[in-house]
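Numbering (the numbering used here), first residue to last: 111 to 203. Below: one structure, written as structure tokens.
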């Protein structure tokens with residue numbers, strides 16, 4: 111299940127229309143093909159199956175990240191790593 115954790119745009123490749131995002135310390139590539147808003151480095155987006163779907167307000171993103179961090183802090187180490195890093199939990203494409 112993909113929870114659409116807010117992800118911060120770290121770089122943008124305009125030729126490929128992709129970006130690299132940081133999702134709670136994990137970097138991954140995402141397509142910008144489906145987002146209908148202008149985005150720039152530093153913006154927060156929600157990713158679904160490897161596509162940036164929505165740009166979200168930084169304040170809302172930071173509040174969501176705080177809640178996710180509280181959840182993660184209560185998880186066992188193995189479950190925590192699986193929730194963040196395993197591709198089948200939130201595939202790139």
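Glycine included, each C-beta is placed from N, C-alpha and C at the ideal position. These numbers were taken from a predicted model, which means no experiment stands behind them.
**Asked** Thinking C-alpha only, which one of 133, 157 and 132 is nearest residue 143?
**Response** Checking every option, the nearest Cα to that of residue 143 belongs to 157.
**Prompt:** Is residue 151 helix, strand or coil by DSSP?
**Reply:** Note: residue 151 maps to coil in three-state DSSP.
**Asked** In whole angstroms, what separates the C-alpha of residue 167 from that of residue 134?
**Response** Distance between the alpha carbons of residue 167 and residue 134 is about 17 Å.
**Item:** For residue 183, three-class secondary structure by DSSP
**Value:** Looking at residue 183 - three-state DSSP - the assignment turns out to be helix.
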